[in-house]
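Enquirer: After the structure tokens below, expect a handful of questions from me.
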Amino acid sequence: MTLLKEFILPRFAQWLIVIFVGVTITFIIPRLSPVNPVTETLARMQMYQNIDPEAVQAMRATLLDLYGLEGSVLEQYVNFWKRVLKGDLGPSLASFPLSVNQLIGVSIGWTIGLLGTSILIAWTLGMTLGSLAGYYPNRWWSEGLEKSLITVYPVPYYILAFVLLMAFTFYLPIFPLIGGARGTAAFTWEYISSVLYHGFLPALSIVIGATAHRFIMAKALTTTEKSSDYVQYAQMAALPQRKILFYYVTRNTLLPQVTDLSLSLGALFGGALIAEFVFGYPGIGTTMYTAINNGDYNAIMGITLLSIVGIATASLLIDLIYPLIDPRVRYR
Amino acid sequence: MLRKLVLLVLLALLVVPTLVGVAQEPQGLPVEVPGGRANLFVFDQIFRWGSVGNFNVWRTGGNTPHHHALMLETFWNGDQETGENINALAISGPVYNEDFTEMSVNLREGVMWTDGEEFNADDVVYTVETVKANPGLTQQGWHAQLTKFDVGVEKTGEFSVKFTTLPNPRLHTVFESRWAGLYMMPSHYVSEVEANLADGETLADWHWEAEDVIVLGNYLPQQVDPNGYWELFKRRDDPENSLAGIITGGSGPPYVLSIFYGNENIKKAIAMSRGELDVYFDVDIESFETTLDTTPTARSWYKDFPWAFPNEYSTRHLAFNFEGDPLLQNKDVRWALALAINNVELAGDYIGGLAKVTTFAVPPTAAMTGIYHEAMEPWLNELQIDLGDGEMFSVYDPTVPDQLNAWAEAQGHTVPGTPAEIFGTGWWKFAPEASEKLLIKAGLSRDGGGNWLTPDGEIWTLDLQSDPSENDAYRMGQAAADMWQDFGIDVNFITLDRGAWSQNHHVGAFEVSTPWGSFALPAGDFWPRINGMHSDFYAPAGEDYRPLGGNSLRRLVDPKIDELLDAMEAVDPVGQADQNIALNIEFIQHWVENMIDITCIAFKKLVTWDEKYWTGFPTAENPYAMPLYWFQGGKYAIQGLTSTS
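In structure tokens:
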């Protein structure tokens, strides 16, 4: 009972407050922007066609009504929360009459698939290789790995992605230029394998940089940990090196790395905008970008809500599971 | 055990996608069709669709590009190559009564909906009444336009209709496409949909699934990418009964795939080199040159220099904000800036000689040159401005096309026509000495370093902003900035993202910018394109002009422009064409004389196709249709294609 009252409930309350404040700020910010969704819709219509100015004014009133943007900001805010609590994020104003739920539903799967897999692969690779390199710093493979990854690490992501795109779609054209899969979704091997095929290059571009980042972190942590008394004691006790590395050293370096993994996974709802652009890959990043450009308040709110909930929940979960990972952390 | 399992899962996560991904046979197109590329034409989709899979094109958010070329029909299609209106569902032009309160239209017989019903007057009556009755059917503002003029329609025969309207000599433009004209509805189908709508629902809520679509065009949607990157269309079973089939006699490719490769030009060039794109709508010159290097079977409108299609209806300007820098409100200052530009260098070195030159915002196509540019030439030759102290200066240089011709030949190009045909019209003399006198007349002076000072003695700084996504506009801006700097003006050339640049236009936050536009419709009428410049729609700098519906980009209030617009509005552009054109020419003269914009070049489109799989796209040698396949009237280019196999 004390655990619930003194540890879990305060953190849960904090989680709720973070979400409420975050969403409220996100509600206000787009409305301070000069970009107005109705005006943007009208501008798109006028891009090629001559529309009588008086007809444009008449359409403006219609669109305000259709988009539910009539009434004061306070009324819109209250209506927004009413809808959100019912799980309805409202209509997308840039992709009307599609709902924001549909808009997110179409793209979020791609983002979770691409970023989720890439983050897990990069984390596993980076942590394993970094730990090994930190524990065996003078081996040839360790030095080779370190030099390679330190060389790759500072390369800006967009350059790395573009190099991969040019290398494997033009000079050696073995991967597709755009898209997430062939055909439309179906539970068939043909479709599933095409998802992996289309996702390979964007995933590789993310994994390379992310692995380098985590390799450097894991190596530094392992190097520090390796000089600890308990490691030297274990070595003098002639425990197997593998056991010392994975059961003692790596375990003690896990805390910051699990935090990093959780926050990375929580943040994946923000999408991988540059990867999506460079590889023409569908995802929540470009959905958000389009929404911002078009002043699509509802889509901005919906995606941000998802991101805020994702990161806040990741933080909450980390808080809750720290004591399980590291016995030195105690529930207070 | 658990640890081993976790390790195994992580290992599988790493290895399986890699093996499966790499083991796939290289393939780029998202779909396969029977017969492969011999049956599939692939074109560049100009946007990524936001609202996907709903073919109710009359509602807000209905996607129009490509859809209207492949599927949708109206009365007349504007052809930007010839300047003619092609009779589509109408068999002749509109016939008005004397006071423009009635318009009669005779319809084409024998055009069939894809479900086998024949198009007739009932479809017209139903479409007009339905769109007028439903405010939620906002596409292209047709509802609002029909309502504004209280348009009614009655069937006068199986294939003839008569419209009633408040006096309006331009009612026909609702049914005339440059981009799009009112799309006809299959009344026998939509009336049933309407009858079965749930309580509170309107046709704006109707979701038209791909498999239910019934159209007059040649193609039906077959597969749709939920992410908006591509759509696959299948040719109808009876292409000879589609409107495009009847008009061209061609049947078109069995399947058509539209695909969005992103806004990066180089990706389109790569896709074409991989045989995964048959035509793209435009790229920058560098990507086009890459295409020529990597795809030997590719070409654009001209087989060689100047390659690009030159007749899309638009032009590029250096536009002034009349509520920005106060000096720019002075006509002499604007003229000084125009005469400090060397347009031979601009159109040659900066644009590569690909775009035609023009002094006003009407592209010098063959049709428009005949109507406007030739008529303006004597007046331009006579045009003089006062440099101060009564010194008059003739500003026009008719030899600019000849100079560009010489420039092109010096580059090693062979020019495939007369200088006027390829490079457009004359332009303003490059006369920095005249500019000097004009600025001195306006109260400016130079300091010891040759920099221009304002009448207050401050360095004159001019902000010029542009958006690099519009390649020609951006290079035009760079050229002007370079030349004005050489002339001693401190130019701050500002590069902005498209969104920010557009937003600055909307709220008047610029001094000089690089927008585009044309005064004229393909048939030569001005009023529908420029009526938004009337001072009724004026918005001061700081306020977004768009909610007012007009085009107050320049923040200009000019009684003479109002007077001309009011006069144009009352004139029938068809029945009183001479009077209309005379008013239009007066408008151009007023615009030019006051140097309201510095118009430099017309549009070019490097619409480029690969003849590896398909041939028959219109070319300069065979200009049977405009190649702008994304406009509603662009359908004829696709209809005429034949497979190389």
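Protein chains in written order, with my numbering: chain A, 911 to 1242; chain B, 46 to 690. For glycine and all other residues, C-beta sits at the position ideal for the given N, C-alpha and C.
1) Taking the straight line between their C-alpha atoms, what separation do you get for B/Pro-560 and B/His-362?
2) Per DSSP, what kind of secondary structure is B/Glu-70 in: helix, strand or coil?
3) Does the beta carbon of A/Gly-1040 sit closer than 7 Å to a beta carbon anywhere in chain B?
4) When the distance is taken between beta carbons, is B/Lys-401 closer than 7 Å to B/Pro-355?
5) If you draw a straight line from the C-alpha of A/Ile-1126 to the C-alpha of B/Thr-506, how long is it?
6) So which residues of chain B does A/Ser-1017 contact, with C-beta pairs closer than 8 Å?
7) What are the start and end residues of the alpha helix (DSSP H) that includes B/Trp-275?
8) How many whole angstroms separate the CB atoms of B/Arg-574 and B/Ser-558, which I take to be in contact at a CB cut-off of 8 Å?
9) Tell me the DSSP secondary structure of A/Phe-990 in three-state form.
10) Please list the segments of the beta strand (DSSP E) lying wholly inside the region 351-395 of chain B, counting only runs of 3 or more residues, in order along the chain.
11) Which residues in chain A have a C-beta closer than 8 Å to the C-beta of B/Lys-193? List them in chain order.
12) Is B/Asn-576 closer than 7 Å to B/Leu-610 when the C-beta atoms are compared?
13) What in chain A is Cβ-close to B/Pro-408, meaning under 9 Å?
14) Can you pull the chain A residues whose beta carbon is under 8 Å from the beta carbon of B/Gln-548, in chain order?
15) Please confirm if A/Gly-1089 has its CB atom under 7 Å from at least one CB of chain B.
16) Exposed or buried, B/Gly-494, counting other C-beta atoms within 10 Å across all chains shown (16 or more means buried)?
17) With DSSP run on the structure shown, which of helix, strand or coil describes B/Thr-698?
18) With 7 Å as the limit, tell me which residues of the region 553-586 of chain B have their beta carbon closer than that to any beta carbon of chain A; keep them in chain order.
19) Hey, how far is the Cα of B/Phe-333 from the Cα of B/Trp-497?
20) If you follow the beta strand (DSSP E) that B/Asn-132 is part of, which residue opens it and which one closes it?
21) List the residues that DSSP assigns as beta-bridge partners of B/Arg-491.
22) Between which two residues does the alpha helix (DSSP H) carrying A/Asp-1170 extend?
23) Who are the near neighbours of A/Met-969 in its chain, counting only those whose CB is closer than 7 Å to its CB and skipping five residues on each side?
24) Reducing DSSP to helix, strand and coil, say where A/Leu-1042 ends up.
25) Between B/Met-148, B/Thr-210, B/Glu-154 and B/Asp-160, which has its C-alpha nearest B/Lys-177's C-alpha?
26) Rounded to a whole number of angstroms, what is the C-alpha to C-alpha distance between B/Gln-268 and B/Val-258?
27) Should B/Pro-461 be flagged as near chain A, meaning a C-beta pair shorter than 7 Å?
28) With contact counted as at least three CB pairs below 8 Å, one residue from each stretch, are the region 1194-1213 of chain A and the region 994-1008 of chain A in contact?
29) Write down the C-beta distance between B/Asn-625 and B/Val-637 rounded to the nearest angstrom, noting that I regard them as a contact closer than 8 Å.
30) Are the beta-carbon atoms of B/Phe-145 and B/Pro-214 separated by less than 7 Å?
31) List the whole-angstrom C-beta distance separating A/Val-948 from B/Gln-548, where the pair is believed to meet the contact cut-off of C-beta under 8 Å.
32) I'd like to know if B/Tyr-306 contacts chain A, where contact means its C-beta is closer than 7 Å to some C-beta of that chain.
33) Look at the alpha carbon of B/Tyr-171 and the alpha carbon of B/Leu-651, and state the distance between them as a whole number of angstroms.
34) Does the count of Cβ pairs from the region 333-348 of chain B and the region 527-534 of chain B closer than 8 Å reach three?
35) When we look at the beta-carbon of A/Leu-942 and count the other beta-carbons within 10 Å, is it buried (16 or more) or exposed?
36) I'd like to know whether the C-beta of B/Pro-71 is nearer than 7 Å to at least one C-beta of chain A.
Expert: For this structure:
1) 6 Å
2) Confidence in B/Glu-70 is poor, its pLDDT being 49 and thus under 50, which makes the residue's placement too unreliable to answer from.
3) no
4) yes
5) 50 Å
6) Asn-272
7) Premise fails: B/Trp-275 lies in the beta strand (DSSP E), 275-280, not in any alpha helix (DSSP H).
8) Not really, about 19 Å apart at Cβ, beyond 8 Å.
9) helix
10) 360-365
11) Asp-962, Glu-964, Ala-965 and Ala-968
12) yes
13) What B/Pro-408 touches in chain A: nothing, since even the nearest Cβ is about 15 Å away.
14) Pro-944 and Val-945
15) yes
16) exposed
17) A question about residue 698 of chain B goes unanswered here, because the residues of chain B that appear run from 46 up to 690.
18) Pro-573, Arg-574, Asn-576, Gly-577 and Phe-582
19) 40 Å
20) 130-132
21) B/Trp-497
22) 1160-1176
23) Leu-952
24) helix
25) B/Thr-210
26) 12 Å
27) no
28) yes
29) That pair is no contact at about 19 Å.
30) yes
31) No, A/Val-948 and B/Gln-548 are not in contact; Cβ-Cβ is about 15 Å, not under 8 Å.
32) yes
33) 40 Å
34) no
35) exposed
36) Note that B/Pro-71 scores 47 on pLDDT, short of 50, meaning its location in the model is unreliable; the coordinates nonetheless yield the value given after this. It does; some Cβ of chain A falls within 7 Å.
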